[in-house]
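I have placed the structure first, in the form of structure tokens, so that the comments after it can refer back to it.
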């Protein structure tokens, strides 16, 4: 059974800082891994999808890496902005089934 | 630009009533997933459906919960004889294939009185 751990659980930093969110998972037999953000009272917005054969994906100020063999992924956010404040969720996928989520990192960017 | 549409956004039921949650996937998507987010907990997978078929229901409670995705119309998550512990946010996601990115709706927040 896949288990996902996200560290830190919460993070508060001043605007402009670069930061790293960590995700670890127990079953390395994954098909892909998605990073999402969730705003209060809202659904999930997909940020990045990394296929199991890839090492990283980039979108704007976001960069996600995947080390499948060690069961780790990181989300790097460059030059953070107050609008980045949200809960960030990591979800490894086994292929033709549902995603397994961690409890997320609650991020606050101070203006 | 229709994403995943869920309705209602908020649903209030009394204990013992039935709750019906609806999900219309993104245009062109034939794979639907339901997740539940309990207060202070992470999202948990419930069920994965394709048109007219349940592919994986390993996360569904054994009693009172059922899901369908008919040939025509939205996917329905049905909870019979609701109890207080069913209070949660229920999210639907869709994709255009297994292993493809899942796109989420804004959820239905179910409150049980």
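Protein chains in written order, with this note's numbering: chain P, 1 to 111; chain Y, 1001 to 1113. Beta carbons are placed, not taken as given, at the ideal position from N, Cα and C, and that holds for glycine.
- From Y:1062, Y:1024, Y:1003, Y:1008, pick the residue whose C-alpha is nearest to that of residue 1111 (chain Y); which is it? Looking up residue 1111 (chain Y) in the second chain gives position 111. The residue with the shortest Cα to Cα distance from residue 1111 (chain Y) is Y:1008.
- Task: Under 6 Å Cβ to Cβ from residue 42 (chain P), same chain only, skipping five residues before and after it: list those, please.
- Result: Here residue 42 (chain P) is taken as the residue at index 42 of the first chain, counted from 1. None.
- Item | Test item: CB-CB of residue 101 (chain P) and residue 71 (chain P) under 9 Å | The residue given as residue 101 (chain P) occupies position 101 in the first chain. The residue given as residue 71 (chain P) occupies position 71 in the first chain. Their beta carbons are not under 9 Å apart, which means residue 101 (chain P) does not touch residue 71 (chain P) by this criterion.
- Does any CB atom of chain A fall closer than 9 Å to the CB of residue 88 (chain P)? The chain inventory of the structure shown lacks chain A, comprising the protein chains P and Y.
- Quick one: is residue 1096 (chain Y) near chain P, going by C-beta distance under 9 Å? Counting from 1 along the second chain, the entry for residue 1096 (chain Y) is found at position 96. Cβ-Cβ to chain P under 9 Å: no for residue 1096 (chain Y).
- Using a cut-off of 7 Å between C-beta atoms, extract the partners of residue 1008 (chain Y) located in chain P. Here residue 1008 (chain Y) refers to the residue found at position 8 when the second chain is read from its first residue. Near residue 1008 (chain Y) there are no residues of chain P at all, since even the closest Cβ is about 14 Å away, more than 7 Å.
- C-alpha distance - residue 1071 (chain Y) paired with residue 1050 (chain Y), whole-angstrom precision: Within the second chain, residue 1071 (chain Y) is the residue found at index 71, counting from 1. Within the second chain, residue 1050 (chain Y) is the residue found at index 50, counting from 1. Spanning the two alpha carbons is a distance of roughly 9 Å.
- When the Cα of residue 1091 (chain Y) is compared with those of Y:1015, Y:1029, Y:1083, Y:1024, which residue comes out closest? For the purposes of this step, residue 1091 (chain Y) is taken as the residue at position 91 of the second chain. For the residues Y:1015, Y:1029, Y:1083, Y:1024, the minimum Cα distance to residue 1091 (chain Y) belongs to Y:1024.
- Message: Quick check on the DSSP output: the beta strand (DSSP E) that includes residue 1032 (chain Y) runs from which residue to which?
- Response: Along the second chain, one-based indexing puts residue 1032 (chain Y) at 32. Unbroken beta strand (DSSP E) run through residue 1032 (chain Y): 1031–1037.
- residue 1102 (chain Y) versus residue 1031 (chain Y): straight-line alpha-carbon distance, rounded: As a working note, residue 1102 (chain Y) is residue 102 in the second chain. As a working note, residue 1031 (chain Y) is residue 31 in the second chain. Near 9 Å, if we compare the C-alpha coordinates of residue 1031 (chain Y) and residue 1102 (chain Y).
- Same chain, Cβ closer than 6 Å to residue 1036 (chain Y), five either side skipped, listed in chain order: For the purposes of this step, residue 1036 (chain Y) is taken as the residue at position 36 of the second chain. Excluding residues within five positions, the ones whose Cβ falls inside 6 Å are 1044, 1046, 1088, 1090.
- Nearest candidate by alpha-carbon position, reference residue 53 (chain P), set P:45, P:32, P:92: Walking along the first chain from the start, residue 53 (chain P) turns up at place 53. The candidate whose alpha carbon is nearest that of residue 53 (chain P) is P:32.
- Query: Under 9 Å between C-beta atoms, does residue 31 (chain P) make it to chain Y?
  - Reply: Sequence index remark: in the first chain, residue 31 (chain P) carries index 31 (1-based). Chain Y contact via Cβ: present.
- Item | Straight-line Cα distance separating residue 1029 (chain Y) from residue 1085 (chain Y) | Indexing the second chain from 1 puts residue 1085 (chain Y) at position 85. Indexing the second chain from 1 puts residue 1029 (chain Y) at position 29. Straight through space, the alpha carbons of residue 1029 (chain Y) and residue 1085 (chain Y) are spaced by roughly 31 Å.
- Do you know offhand how far residue 51 (chain P)'s Cα is from residue 73 (chain P)'s? As a working note, residue 51 (chain P) is residue 51 in the first chain. As a working note, residue 73 (chain P) is residue 73 in the first chain. Taking the straight line joining both Cα atoms gives about 12 Å.
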